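For the working numbering, add 33 to where a residue sits in the sequence shown, where the first one is 1.
Take a look at the structure below.
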Amino acid sequence: MSSSFESYQKRRLISSYFSVVLSIALVLFLLGLLGMLVLNTKKVADHFKEQVVVTIYLKDSAKEVETKQLEKSLSMAEYVKTTEYVSKEQAAEFMKAENGEDFMNFLGFNPLQNSIDVHLKADFVTSEHLKIISDEALAKTFVEEVRYDNDLVNLMNENVKRISFWILVISGIFTLIAVLLINSSIRLSVYSKRFTIKTMQMVGATKHFIRRPFVWKSVKLGIIGAIIALIGMAVVFYYLNETFPDLQLLNNPILVGGLFVTIFILGIVITWISTFIATQRFLNLKTDQLYY
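The following block contains the structure:
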């Protein structure tokens, strides 16, 4: 009978520890994903900004040397990421492939112009910078026209600011929720041993002596939960990096390593503080208050 009861108690204890570890792991895992999103918000925004193309159309009278000088000066400019010269023949082939028919068979000539496609660095993709760049290009006598989608640029910049703000707000709220969830799991675990705590206190054990094994046990559970969360994060980050290589999510190992270390430390700190507060609460309760 005693053996059966001990087995039951052991299974109950293991189940309690498992639920605490699972709660900690899930919360830290989600917190880690959110942290990765926060750290890479600018990188993701920059990636989309740099897809904006400024197209400089050249006059048919433009000399080859002038075109090459313009392309070289643009590629050396601090605000330019990449440039690409597109001849009217290449543009015609592109339109033919896109539309599935050769429009020159109807017109009898190629009405397109030679052009230079310019991709700017993300920090310079603003209406103000685009206007300055456009005016500088139009100052060249052999430049016919400069085109870019100004409305798209304004909309993109507004959305980036709005999304960045809400990501920070959600991150703060989620961090608070994460702390509360882990704290609740730890408190429930300590609550089941409240009579043991009071018994030890009644026989003369000091608060520090009583609290130490609970804190150490919770810290170990926090470490296990954090390790599980880190493994899950590593798998997800690797998958996202392989699926979206242009975002280069793992391109900065120091940043990623710092996030992993932060999540690991959070698992320890939150469980330590939660256990300390929970045990302190039951240590300060009177015996008759333990039943409520």
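C-beta: ideal position from N, C-alpha, C; glycine also.
Note that the structure is a prediction, hence the values are computed from the model and not measured.
Measure the beta-carbon distance from residue i to residue j and round it to whole angstroms, keeping in mind my assumption that it falls under 8 Å.
i    : j    : result
T208 : L64  : 7 Å
V248 : W305 : 6 Å
L153 : V85  : 7 Å
M266 : F127 : That belief does not hold up - the Cβ atoms of M266 and F127 are roughly 42 Å apart, past 8 Å.
A311 : A58  : Not a contact, Cβ separation roughly 20 Å.
Among the options, whose alpha-carbon lies nearest the alpha-carbon of residue i?
i    : options                   : result
Q123 : E99, L145, K226 and K114  : L145
H162 : K129, A110, A238 and G290 : A110
S56  : V202, G255 and L72        : G255
G300 : N284, A125 and V212       : V212
N192 : S52, K75, A311 and L61    : K75
S204 : Y118, F51, L66 and S52    : L66
F298 : I260, A311 and Y272       : Note that residue 298 is Ile in the sequence shown here, rather than Phe. Of I260, A311 and Y272, the residue nearest in Cα terms is I260.
K173 : F127, T100, W199 and G290 : T100
L185 : E83, L292, K92 and E178   : E83
K343 : K114, T115 and D150       : With the chain covering only 34 through 325, there is no way to say anything about residue 343.
E177 : G291, D93 and I230        : D93
Can you grab the Cα-Cα spacing for the pair residue i / residue j, in whole Å?
i    : j    : result
Q313 : L214 : 19 Å
R244 : V54  : 20 Å
S35  : L70  : Only weak support is given to the placement of S35: the predicted model assigns it a pLDDT of 46, under 50, and the value that follows is read from those uncertain coordinates. Taking the straight line joining both Cα atoms gives about 53 Å.
Y112 : D168 : 15 Å
F38  : I196 : Note that F38 has pLDDT 41, beneath the 50 cutoff, so the model's placement of it is unreliable and no number is given.
S251 : F270 : 28 Å
K226 : H241 : 16 Å
F277 : F228 : 54 Å
L107 : A125 : 24 Å
A95  : K105 : 15 Å
L91  : N183 : 20 Å
V119 : T88  : 10 Å
N274 : L288 : 15 Å
A155 : F309 : 47 Å
A170 : V98  : 16 Å
T116 : K194 : 27 Å
T232 : V302 : 28 Å
Quick check on the burial criterion: 16 or more other C-beta atoms within 10 angstroms. Buried or exposed for residue i?
i    : result
V158 : buried
K164 : exposed
N73  : buried
N147 : buried
L201 : exposed
A130 : exposed
Y272 : exposed
S160 : exposed
F51  : exposed
S307 : buried
T239 : exposed
G237 : exposed
G68  : buried
What does DSSP give as the partner residues of residue i in its beta bridges?
i    : result
T116 : V151
T88  : D150 and R180
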